[in-house]
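Peer 1:
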Amino acid sequence: MEARSKNLIEIHIAVLLFGLTGVFGKSIALPAQYIVLGRVFFASLSMGIFFLLRGKDIRLSDKKDYFYILAVGAILAFHWTAFYTSVQLSTVAIALLTFSAYPIFVTFLEPFFFRERLKSADVLFALVMFGGVVLIVPEFNIRNNMTIGLIWGMLGSVSFAVMSLLNRKFASRYDGSVIAFYEQGMATLVLLPMLLFSRPAASRTDWLLLILLGVLFTGVAHSLFIGGMKRVRAQTAGIIASLESVYGIISAALLLGEIPSLKELVGGAVILGTALYSTLRSTKE
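Per my numbering, the very first residue in the sequence shown carries number 242; after that it's consecutive.
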């Protein structure tokens, strides 16, 4: 098999695994923050063992970077907690579609972070995506769990936008898997103190699902995605990554019986279609 074709398959497998992570929020009988703790702990542990066996040097060149990555790790902990809270209060589809709207916030935050000019076309795309989000709102009532779930999904979207912009500062200096290892390790340290105050009972099934979520669906998936980008353009990888919501919604329908409403499908098509068009357009600039 051609090397580039193999890399494309690796990226598709990684995105499929990422898309399935939402199902775990419904399958593990634990509060969202404890699901996240299990995920980042087993992910960082498996990646650490992999680096150790490979003899990979993962030291950061600047001591200040450890502090910055600690901050990003804390944001990661909040992001995934918001995502799984959204899954548990609403549906996998709503959680994934609101997450997919993170380019809205990137559009307005990027000029602030990097002193770049805000483009009118990007503002237009962001407004269209926001229109898609409005379409999937079940009703404007904060007593409705679905609406609260959507709000948590948007908080996860904002935090992911901030995290992706901060990661841009590290991307040129460190391997992506090293950044992920430190951020997940830091997220583990941020969440560990919860166990001093409350230790919810986890069944054997919960433990198995947490290990599977952390090792295969996070650690292995991330390594596949990073490895696949060796011979695949970042823009192409980004387009494939947009399928995460599609894979997630289909898996939730098949495994959980969560069938999206017509409004959710239309809103999702607007969000994902705009993101795809924006990505394709950026490759031509």
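Backbone N, C-alpha and C define an ideal beta-carbon position, used for all residues, glycine too.
As the structure is a computational prediction, the values presented were derived from the model and not from experiment.
Can you find the residues in the same chain that come closer than 7 Å, C-beta to C-beta, to Thr-262, ignoring five residues on each side of it along the sequence?
Peer 2: Stepping through the sequence shown from its first residue, residue 262 is reached at position 21. Answer for Thr-262: Leu-454 and Phe-458, listed in chain order.
Peer 1: Inspect the beta-carbon positions of Met-370 and Pro-344 and report whether they are closer than 8 Å.
Peer 2: To locate residue 370, count along the sequence shown from 1; it is residue 129. To locate residue 344, count along the sequence shown from 1; it is residue 103. Taking 8 Å as the Cβ cut-off, Met-370 and Pro-344 qualify as a contacting pair.
Peer 1: How many angstroms separate the CA atom of Arg-300 from the CA atom of Ser-418?
Peer 2: In the sequence shown, counting from the first residue as 1, residue 300 sits at position 59. In the sequence shown, counting from the first residue as 1, residue 418 sits at position 177. Approximately 13 Å between the Cα atoms of the pair.
Peer 1: Go ahead and pull the three-state DSSP assignment for Leu-377.
Peer 2: Taking the first residue of the sequence shown as position 1, residue 377 is located at position 136. Per the sequence shown, residue 377 should be read as Ile rather than Leu. Residue state, collapsed to three classes: helix.
Peer 1: Report the residue ranges of all alpha helix (DSSP H) runs contained in full by the segment 338–363; include only those spanning at least 4 residues, in chain order.
Peer 2: Within the segment 338–363, the complete alpha helix (DSSP H) runs of at least 4 residues are 344–355.
Peer 1: Output yes or no for whether 8 Å exceeds the beta carbon distance between Val-333 and Ala-493.
Peer 2: Reading the sequence shown from its first residue, position 92 is the one you call residue 333. Reading the sequence shown from its first residue, position 252 is the one you call residue 493. For Val-333 and Ala-493, yes; Cβs fall inside 8 Å.
Peer 1: Enumerate in chain order the residues of its own chain whose CB-to-CB distance from Val-378 is below 7 Å, with the five nearest sequence positions on each side excluded.
Peer 2: On the sequence shown, residue 378 is found 137 positions in, with the first residue counted as 1. For Val-378, where only same-chain residues beyond five positions count, the Cβ hits under 7 Å are Thr-388 and Leu-391.
Peer 1: Helix or strand or just coil, what does DSSP make of Ile-452?
Peer 2: In the sequence shown, counting from the first residue as 1, residue 452 sits at position 211. In this structure, Ile-452 counts as helix in the three-state DSSP scheme.
Peer 1: Let's test the definition: count the other Cβ atoms within 10 Å of the Cβ of Asp-447 and tell me whether it reaches 16, buried, or not, exposed.
Peer 2: One-based indexing of the sequence shown puts residue 447 at position 206. Classification of Asp-447: buried, given that the 10 Å Cβ count is 16 or more.
Peer 1: Return yes when the C-beta of Phe-458 is under 7 Å from any heavy atom of the ligand PLP, and no when it is not.
Peer 2: Ligands are entirely absent from the displayed structure, and the ligand PLP is therefore not among its contents.
Peer 1: Report the three-state DSSP secondary structure of Glu-243 (helix, strand or coil).
Peer 2: Here residue 243 refers to the residue found at position 2 when the sequence shown is read from its first residue. Three-state DSSP puts Glu-243 in coil, outside helix and strand.
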